[in-house]
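Novice: Questions regarding the structure given below will be posed in turn.
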Amino acid sequence: MRRFAPPLASLSLALAVAGCGDATLPTNAFRPTKGTVVLNGFGAQGVTMIPDTGTATSAIAFGASFDGGSLRVERDTVLTTSSKGGGDLLYVSALALGTVKTIQMPAGSNPGTAAMANGLPQGAIVVALRDSQAIAFVSNVGGASPTVSLVRGIGTCPSDLFVYDGDVWVLDANQACRTTYAVQGPSRLLRVSLSGLSITTIDTIALGATVKGATNMARAGEYAYIGGGGDINYGTVPPTIVQGGSLARVALTSNTTELVGATPPGTFGTRVSVAADGSLYAFVYADPSTFQGRALRVNPGSLAFVGPFAGATSFLDLKAPDSTAANCVDVIGDIRGRIYCPVVGAGAASRVYVYNAGLGFIRNLPAGQGAVAITSR
């Protein structure tokens, strides 16, 4: 049985229903901050752990075959993957112990994001398998021979997922991930209900015609925030944007897309994150030729952008130490409103710039080589 959510009443912020602008995200209870974790995707692959105070960092090496671009940290454990080009591997790294374990996914499955299964009996970790149109549950993670069990028939290119309210929520990018990654149509969110390893229902939640190339989402309480990467034609010189980036808010309790908005004109590659203080952030590329990275702070209720802005743009006015615009490769925030922007310099040397809520520069810390993503511990 497949149930479809009702069509969106609007695909623009201008037509948003009254009252959405004052919605807020739940905040997490304050806890001592352990710092941030940077994923190093090239140069010296692995993760770099940056403490909340001081300058001493530590690293866990993943090896030269790792090619991942996203990570999650749950229960002080890093979950990330290598694609089919990097061996179809799940990486599980215990940060407190400084260890890493790789678990083989099916050959050619092209794993995307992984998440803790949060009590589901099917396994301890669940992984999106983009080329297999499936998700994988991993059991006996700490044993010598972990078990990998598949649930097939899920979307066109399942790229991200999380477990909530006993179901697996899967973001289907709806791209030709086995070949060219060409956009096949709007992305969608799938609510997958299971009995053992069998699908009982899949609820398909339409995200709207403008949400394309969505490979990333973040959950905050009963809401999911989704970043639409867009549709870029790399066959032209320079590349052209067919569909720009987007943001969407989905109410998980009602399977309803409540709001959809566009990222600033000319931007794409949207990635979203939710800070512990309830703030919503988005990273975008500002130019398909240069891949200039920019950070956005977003009102979670209206999806409007929040400053201070850089000039007449909607980008946060984040400055590098030399007063030029910081070329971020990702962005996150913390419980105190601080903002973290990893950058990559000469020779792939990476650093993290830290700002206060007013965008005042706080410090500049080393972050290994080839930074591609950041999250908090």
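The sequence shown maps to residues 2 to 378 in our numbering. Even glycine gets a Cβ: it sits at the ideal position worked out from N, Cα and C. Note that the structure is predicted; figures quoted are calculated from it, not measured.
With the cut-off set at 8 Å, would you say Asp161 and Thr205 are in Cβ contact?
Specialist: As a first step, residue 161 is located in the sequence shown; it is residue number 160 there, counting from the start. As a first step, residue 205 is located in the sequence shown; it is residue number 204 there, counting from the start. No. Outside cutoff.
Novice: Give me the DSSP bridge partner(s) of Leu91.
Specialist: Along the sequence shown, read from residue 1 onward, the residue named residue 91 stands at position 90. Paired residue(s): Thr82 and Ile104.
Novice: Pairs of beta-carbons, one from the stretch 137-156 and one from the stretch 165-177, closer than 8 Å: are there three or more?
Specialist: Output reads yes: the stretch 165-177 touches the stretch 137-156.
Novice: Which whole runs of the beta strand (DSSP E) in the stretch 264-346 are 3 residues long or more, in chain order?
Specialist: For the stretch 264-346, whole beta strand (DSSP E) runs of length 3 or above, ordered along the chain, are 269-275, 281-286, 294-299 and 340-345.
Novice: Does the beta-carbon of Gly214 have 16 or more other beta-carbons within 10 angstroms, so that it is buried, or is it exposed?
Specialist: Stepping through the sequence shown from its first residue, residue 214 is reached at position 213. Result: buried.
Novice: Lys85: buried (16+ other C-beta within 10 angstroms of its C-beta) or exposed?
Specialist: The sequence position of residue 85 within the sequence shown is 84, counting from 1. It is buried - the Cβ of Lys85 has at least 16 other Cβ atoms within 10 Å.
Novice: Would you mind working out which of Asp166, Ala305, Arg220 and Ser133 sits nearest Leu151, comparing C-alpha positions?
Specialist: Reading the sequence shown from its first residue, position 150 is the one you call residue 151. Minimum Cα distance to Leu151 is reached at Ser133.
Novice: So for Gly154, helix, strand or coil by DSSP?
Specialist: On the sequence shown, residue 154 is found 153 positions in, with the first residue counted as 1. Coil, per DSSP.
Novice: Starting from the Cα of Arg189, find the closest Cα among Thr241, Val261 and Ala145 and give me that residue.
Specialist: What you label residue 189 is simply residue 188 of the sequence shown in a count that begins at 1. Checked all of Thr241, Val261 and Ala145; the closest Cα to Arg189 is Val261.
Novice: Roughly how far, in whole angstroms, is the beta-carbon of Thr58 from the beta-carbon of Leu366, given that I think they are within contact range, below 8 Å?
Specialist: Counting from one through the sequence shown, the residue named residue 58 turns up at place 57. Counting from one through the sequence shown, the residue named residue 366 turns up at place 365. The Cβ separation is near 7 Å, so the contact holds.
Novice: Kindly indicate the opening and closing residues of the beta strand (DSSP E) around Pro112.
Specialist: Taking the sequence shown and counting its residues from 1, the one referred to as residue 112 is at position 111. Where Pro112 is concerned, the enclosing beta strand (DSSP E) stretches over Pro112 to Met117.
Novice: If Thr264 sits next to Leu248, beta carbons under 8 Å apart, how far is it from one beta carbon to the other, in whole angstroms?
Specialist: Mapped onto the sequence shown, residue 264 falls at position 263. Mapped onto the sequence shown, residue 248 falls at position 247. The Cβ separation is near 7 Å, so the contact holds.
Novice: Please report how far the alpha carbon of Leu121 lies from the alpha carbon of Leu198, in whole angstroms.
Specialist: The count along the sequence shown starts at 1 and reaches residue 121 at position 120. The count along the sequence shown starts at 1 and reaches residue 198 at position 197. If I take the Cα positions, the gap works out to 11 Å.
Novice: Nearest CA to the CA of Ala177: which residue from Asp232, Leu91, Thr37 and Val251?
Specialist: The residue you call residue 177 lines up with position 176 of the sequence shown. Among Asp232, Leu91, Thr37 and Val251, the Cα nearest to that of Ala177 belongs to Asp232.
Novice: In whole angstroms, give me the CA-to-CA distance for Val79 and Thr181.
Specialist: Position 78 of the sequence shown, counted from the first residue, corresponds to residue 79. Position 180 of the sequence shown, counted from the first residue, corresponds to residue 181. For Val79 and Thr181, the distance between alpha carbons rounds to 29 Å.
Novice: Along the chain, where does the beta strand (DSSP E) that runs through Thr463 open and close?
Specialist: Because residue 463 is not part of the residues shown, which for the chain are 2 to 378, the question remains open.
Novice: Is the beta carbon of Pro112 closer than 8 Å to that of Val128?
Specialist: Translated into positions along the sequence shown, residue 128 becomes position 127. Translated into positions along the sequence shown, residue 112 becomes position 111. For Val128 and Pro112, yes; Cβs fall inside 8 Å.
Novice: Quick one: what's Pro159 bridged to in DSSP?
Specialist: Reading the sequence shown from its first residue, position 158 is the one you call residue 159. Answer is Asp173, bridged to Pro159.
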